[in-house]
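Report on one structure; see the data block that follows.
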Amino acid sequence: MSGLDGNVALVTGGSRGIGAAIARRLAAAGADVALTYRGDEAGARKVAQEIEALGRRATTIRADSADAAEVVAAVHETVARLGSLDILVNNAGFFPSKPFEDFTLDEVDRALDVHARAAFVAAQAAVTHMRGGGRIISIGSNLSERALFPGLALYNLSKSALNGFTKALARELGPRGITVNLVQPGSTDTDMNPANGDHAAGQLAFNPLGRFASPDDVAATVEFLAAPAGRSVNGAILTVDSGANA
Ligand SMILES: NC(=O)c1ccc[n+]([C@@H]2O[C@H](COP(=O)([O-])OP(=O)(O)OC[C@H]3O[C@@H](n4cnc5c(N)ncnc54)[C@H](OP(=O)(O)O)[C@@H]3O)[C@@H](O)[C@H]2O)c1
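Every number in my numbering is 762 more than the matching position in the sequence shown, counting from 1.
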């Protein structure tokens, strides 16, 4: 595969899980990749080494997605180190879940900052470098369209913001040759949501395929959107949840 030869991608939260799988996929398709992390420096370095073993360039940047200035700096640092930016993947995220009344204002702010504001400011910074077109792909959640369990009020508040953002930005940036899309994973086997975890059985009750997705299943959809084959997909919300929301 070489559909992304000559492209540079930035994946936020690329040290583990879905983000790491996306970084590997884009590199295998030919892209050089920058990835951000918040705490897992060793994980980020390992993913970077795997990318370099594929013959691509890789770089790691510590940037907390809760800090808008760090996110913007990571975008510009990507261009400083790798020379350009063609693909932005807003992936970094976490899973706040508890009864609605128990969330503090700080927790509300943090979820909105990491999931929504970070995507907004990263896209603002990225488009200054996407002179010849580009791709902006965010990672939302199937739960934002169908809340399968209680305890999701804050997660869904922050993730569903990406749905409206994606559509609005797709219309605004299309004339510049930049596509904007949203991938919504369902149950995916990562540290955040292990397939053998305590909550797995409850999720599988909704899942017609009877199994969690792998991080690479989600990454394959991101690769399609980033690649030339995906050039006419714009403003789309692609749900990769094994049919849980069907
Ligand atoms: N797994 C699922 O079932 C599932 C389902 C739907 C949607 N999603 C979404 O998919 C995305 C990836 O999830 P995952 O399952 O791969 O989670 P994960 O295994 O917990 O990995 C999370 C990744 O995001 C990074 N990250 C978290 N908070 C960050 C912050 N404030 N700043 C920068 N990086 C941060 C982590 O970096 P460090 O380790 O370095 O801190 C790590 O690389 C998230 O947006 C999540 O909401 C996951």
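The C-beta atom is built at its ideal place from N, Cα and C for all residues, glycine as well.
Query	Result
Residue span of the alpha helix (DSSP H) that contains N918, given as start and end	915-935
Outcome for K860 when other beta-carbon atoms lying within 10 angstroms are tallied against a minimum of 16	exposed
Heavy atom of ligand 1 within 7 Å of A777 beta-carbon	Checking the displayed sequence, the identity of residue 777 turns out to be Ser instead of Ala. At least one heavy atom of ligand 1 is nearer than 7 Å to the Cβ of S777, so yes.
Beta-bridge pairing of A975 - partner residues as DSSP gives them	T950
Contacting residues, own chain, Cβ-Cβ under 8 Å from L1000 (five flanking each side not counted)	N943, L944, V945, Q946, T983, L987
Contacts around S994, its chain only, beta-carbon distance under 6 Å, and the 5 residues preceding and following it disregarded	none
Cβ-Cβ distance between L971 and G1005 below 8 Å	yes
Exposure label - T952; buried when at least 16 CB within 10 Å	buried
Within 8 Å, strictly: CB atoms of G939 and G895	yes
Cβ distance (whole Å) where I780 is taken to contact I901 below 8 Å	6 Å
The alpha helix (DSSP H) enclosing R786, as first and last residue numbers	779-790
Contact under 8 Å by Cβ, G855 with R933	no
DSSP beta-bridge partners of V770	D794
Same chain only: Cβ atoms within 8 Å of R807, ignoring 5 sequence neighbours per side	T822
Near ligand 1: G896 beta-carbon under 7 Å from a heavy atom	no
Among A975, E812, F911, nearest to V1002 - alpha-carbon criterion	A975
Beta-carbon gap between V870 and L914 smaller than 8 Å	no
Residue of A791, V770, A820 minimising C-alpha distance to S777	A820
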